[in-house]
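Engineer: Provided herewith is a single structure, encoded as structure tokens, for subsequent inquiry.
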Amino acid sequence: MARKVAIRRRVPPERVKLLGLPVDMRFRPPAPGEKQALRRRFGLAEDRFTVLVVGGAAGVGGLLDHVGELAWEKHDWQVITVCGRNEKLRRRMARLRFATPTLILGFVDNMPELMRACDLVITKAGPGAIVEALATGLPLIITSYLPGQEAPNVDFVVDSGVGIYAPRTDDILAEVRVLAEGGPTWQSMARRARELSHPYASSDIARECLLLAARYSASAQASR
22 MARKVAIRRR VPPERVKLLG LPVDMRFRPP APGEKQALRR RFGLAEDRFT
72 VLVVGGAAGV GGLLDHVGEL AWEKHDWQVI TVCGRNEKLR RRMARLRFAT
122 PTLILGFVDN MPELMRACDL VITKAGPGAI VEALATGLPL IITSYLPGQE
172 APNVDFVVDS GVGIYAPRTD DILAEVRVLA EGGPTWQSMA RRARELSHPY
222 ASSDIARECL LLAARYSASA QASR
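In our numbering, each residue's number is its place in the sequence shown (first place is 1) plus 21.
Next comes the structure, spelled out in structure tokens:
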């Protein structure tokens, strides 16, 4: 979309590079056997479909409702939730007795590993979480968005076939039931996530900046 806008405003197409949003290169698909090893490290079952529920660094976005919908009753999946800096929410959730195995975390610095341990990400429509999930090859369920700036992110996720928009908690449960089967729907979303990801966008952007600087320097010297 940004490329189309730039060209529409008469920026020459050859000067517009579509490189993706910069993302920490630790976000990547798991190596063979790595997903199971990470689950063991986190005290989770190796063979259960694993759902990651996140709400950003502030731990917002209806985390308690979403986790409760997925974990109050016994299901075949397991849940990881990251409450961020919302320590009050983390303590509150830690006191609850969920029937489905649930790992409750506060602020973490190992999100790449947590994603590689999972099969699905449930999050609000923040661009960072979406890009990180794509770089890891994970389908998404988007639960909410900020009007205006994040609305196009929802359209991108749905229209690209990498995820689902489910604003109601009962919708989330219904979608997870389908995806947890690991059938064609989940497989298609995971494949599209890998196809659309730009895990090396940071390096690509840095390289283009260096090339641009070199061209500018050469041009400046030639004009002297």
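From the three backbone atoms N, C-alpha and C, an ideal C-beta is built for every residue, glycine too.
Which residues bound the alpha helix (DSSP H) around Leu91?
Structural biologist: The count along the sequence shown starts at 1 and reaches residue 91 at position 70. Taken as a continuous stretch (DSSP letters only), the alpha helix (DSSP H) holding Leu91 covers Leu84 to Ala92.
Engineer: Excluding five sequence neighbours on each side, which residues of the same chain lie with their C-beta closer than 7 angstroms to the C-beta of Asp86?
Structural biologist: If you number the sequence shown from 1, residue 86 lands on position 65. Answer for Asp86: Thr190, listed in chain order.
Engineer: In the region 154 to 190, which residue ranges form an unbroken beta strand (DSSP E) of at least 3 residues, counting only runs that do not cross its ends?
Structural biologist: Runs of the beta strand (DSSP E) inside the region 154 to 190: 161 to 163 and 184 to 186.
Engineer: Roughly how many whole angstroms lie between the Cα atoms of Met46 and Pro33?
Structural biologist: As a position in the sequence shown, residue 46 is number 25, starting the count at 1. As a position in the sequence shown, residue 33 is number 12, starting the count at 1. Those two C-alpha atoms are separated by around 30 angstroms.
Engineer: Could you check which residue in Ile125, Val75, Asp68 and Ala120 has the C-alpha nearest to that of Trp93?
Structural biologist: In the sequence shown, residue 93 corresponds to position 72, counting from 1. The shortest Cα separation from Trp93 among Ile125, Val75, Asp68 and Ala120 belongs to Ala120.
Engineer: Out of curiosity, what's the CA-to-CA distance linking Asp130 and Val142?
Structural biologist: Taking the first residue of the sequence shown as position 1, residue 130 is located at position 109. Taking the first residue of the sequence shown as position 1, residue 142 is located at position 121. About 17 angstroms.
Engineer: Would Ala211 and Gly149 qualify as a contact pair, given that the criterion is a beta-carbon distance under 8 angstroms?
Structural biologist: Taking the first residue of the sequence shown as position 1, residue 211 is located at position 190. Taking the first residue of the sequence shown as position 1, residue 149 is located at position 128. No.
Engineer: Could you tell me which uninterrupted beta strand (DSSP E) segments, each at least 3 residues in length, are contained entirely in the region 184 to 243, listed from first to last along the chain?
Structural biologist: Listed in chain order, the complete beta strand (DSSP E) runs (minimum 3 residues) inside the region 184 to 243 are 184 to 186.
Engineer: Buried or exposed: which applies to Ile28, given that a residue is buried once 16 or more other Cβ atoms fall within 10 Å of its Cβ?
Structural biologist: Position 7 of the sequence shown, counting from 1, holds the residue named residue 28. With fewer than 16 other Cβ atoms within 10 Å, it is exposed.
Engineer: In or out: Glu90 buried (at least 16 other Cβ within 10 Å) or exposed?
Structural biologist: Here residue 90 corresponds to residue number 69 of the sequence shown, with the count starting at 1. With 16 or more Cβ atoms within 10 Å of its Cβ, Glu90 is classed as buried.
Engineer: On the premise that Leu84 lies in contact with Leu110, defined as a C-beta separation below 8 angstroms, what is that separation, rounded to the nearest angstrom?
Structural biologist: Stepping through the sequence shown from its first residue, residue 110 is reached at position 89. Stepping through the sequence shown from its first residue, residue 84 is reached at position 63. Confirmed, Cβ separation roughly 6 angstroms.
Engineer: For the candidate residues Phe63, Ala227 and Gly41, whose alpha-carbon lies nearest to that of Thr123?
Structural biologist: As a first step, residue 123 must be located in the sequence shown, where it is residue number 102. Answer by Cα proximity: Phe63.
Engineer: If I measure Cβ to Cβ from Glu134 and keep anything under 6 angstroms in the same chain, skipping five residues before and after, which residues do I get?
Structural biologist: Taking the sequence shown and counting its residues from 1, one reaches residue 134 at position 113. Counting only Cβ-Cβ distances below 6 angstroms, and skipping sequence neighbours, we find Leu59.
Engineer: Could you pull out every residue in the same chain whose Cβ sits closer than 8 angstroms to the Cβ of Asp180, ignoring the five residues on either side in sequence?
Structural biologist: Here residue 180 refers to the residue found at position 159 when the sequence shown is read from its first residue. Taken in chain order, the list of residues that qualify is empty.
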